[in-house]
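Let me begin by presenting the structure, written as C-alpha cells, before commenting on it.
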Amino acid sequence: MDAVKKETLDLLLGLGVLVLGIGLLLFTFTQAFALAMNPGPWFESQLPSAITERPPTASFSWSLNGYDLSVTDLSMEGSAPITSWEWQWGDGTSSNGRNPPVHTYASDGQRTVILTVRDADGREARSGAAFFVSATSSDGGLSQADPGSIELNIDFSNIVLPIAIAILTFTLYLVMAVAGGMITKAGWNLLKPRPETIKVRLKPKHLTQAMEEDAAHVAAPLPASPIPPPPPPPT
Numbered sequence: 001m002d003a004v005k006k007e008t009l010d011l012l013l014g015l016g017v018l019v020l021g022i023g024l025l026l027f028t029f030t031q032a033f034a035l036a037m038n039p040g041p042w043f044e045s046q047l048p049s050a051i052t053e054r055p056p057t058a059s060f061s062w063s064l065n066g067y068d069l070s071v072t073d074l075s076m077e078g079s080a081p082i083t084s085w086e087w088q089w090g091d092g093t094s095s096n097g098r099n100p101p102v103h104t105y106a107s108d109g110q111r112t113v114i115l116t117v118r119d120a121d122g123r124e125a126r127s128g129a130a131f132f133v134s135a136t137s138s139d140g141g142l143s144q145a146d147p148g149s150i151e152l153n154i155d156f157s158n159i160v161l162p163i164a165i166a167i168l169t170f171t172l173y174l175v176m177a178v179a180g181g182m183i184t185k186a187g188w189n190l191l192k193p194r195p196e197t198i199k200v201r202l203k204p205k206h207l208t209q210a211m212e213e214d215a216a217h218v219a220a221p222l223p224a225s226p227i228p229p230p231p232p233p234p235t
C-alpha cells in the first residue's frame, strides 16, 4: 500500500513539474518570438528623448543670372518646426525669411551663400553654396550641408540604461528557457518507468552449501570411455 501511494504521489508530482516546465518554455519562446518579430516599438520605448529628437536639415536651391541671385528654401524640419531662416550673401549683407527676394551683387567676385535654420527647440543647421559672380554669370544648383552644423545632443549616460535593459531582458529569457528545460526534464524523469529491483537475501549456510556442491562436482572423476575393438585382419 505504501509503495502504491508513493508511486501515485510521484506521478502527480511529475505531471505538475512537467506542466510547469512546458508552460515556462512556451511563455519564454512566445515572448522572445514576439520581440524578435517587431523589436522597433520596444527599443524606441527604451530610448530617451535626447536620442529620438532630430535637428532640422538646411538646404536650398539657387539660380544666378548676371549679378542677380534667386534662392528657394528646401529645408526640412526635425522633431520641431523651423522658426527662423538667416541668409548670408557673402558680400557682408544678410537677410531673414524663408524665401527672400532676389539679391543683387554690386561687383564681380567669388561669393558663398550660407543658410542657417533654427527650430523651436533651439537646434540649428547650416547649408551653403559657392559660385563666381560676373555680368555674364549663368549658373545654379543645390546647396551643400555644412558638416560642422550637425549637432550631437546625445547623453551617453542615457544610452547605457536601455542597452543594459536589453541585455538583462535577453539574459532573463535565456535563463527562463534553461530553467524551463531543466524543469521539464525533471518532470519527465518522475514520470518515466523505473526498473524494478528484486532483493535476494542469502544466509551463510546457503553460501557454504553452494560452495560444497561446486567442489564436489569439480572433484568427481569423469567416466572412463570404452576401448574400441581391434580392426579385423586383412583378407
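In my numbering, the protein residues as written are 1 to 235. Where is the CB? At the ideal position from N, CA and C, for every residue including glycine.
Alpha carbon to alpha carbon, how far is residue i from residue j?
| i | j | result |
| --- | --- | --- |
| S94 | W87 | 5 angstroms |
| L63 | T171 | Inspection of the sequence shows that residue 63 is occupied by Ser rather than by Leu. When rounded, the distance between both Cα atoms is 58 angstroms. |
| G109 | A129 | 14 angstroms |
| R118 | N99 | 15 angstroms |
| P101 | G140 | 16 angstroms |
| H103 | A120 | 27 angstroms |
| G122 | F60 | 20 angstroms |
| I82 | G90 | 23 angstroms |
| Q144 | S127 | 5 angstroms |
| V113 | N96 | 13 angstroms |
| S134 | P55 | 36 angstroms |
| S107 | G92 | 13 angstroms |
In three-state DSSP terms, what is residue i?
| i | result |
| --- | --- |
| T136 | coil |
| G23 | helix |
| A50 | Confidence at A50 is low in this model, with a pLDDT of 47, below 50, so its placement is unreliable and the value that follows should be read with caution. It is helical. |
| I150 | Note on I150: pLDDT 49, under 50, position unreliable in the model; no value is reported. |
| L115 | strand |
| L69 | strand |
| L142 | strand |
| T93 | coil |
| L74 | coil |
Comparing alpha-carbon positions, which option in the options lies nearest residue i?
| i | options | result |
| --- | --- | --- |
| Y105 | P56, S84 and F131 | F131 |
| G66 | S75, G23, P231 and R111 | R111 |
| T57 | V71, L20 and E77 | E77 |
| A125 | N96, S75 and A135 | S75 |
| D73 | L142, T136 and T30 | L142 |
How should residue i be labelled, buried or exposed, when 16 other C-beta atoms within 10 angstroms of its C-beta is the threshold for buried?
| i | result |
| --- | --- |
| T116 | buried |
| V71 | buried |
| L26 | exposed |
| D68 | exposed |
| L84 | Reading the sequence as shown, one finds Ser at residue 84 and not Leu. When all chains shown are included, S84 counts as exposed. |
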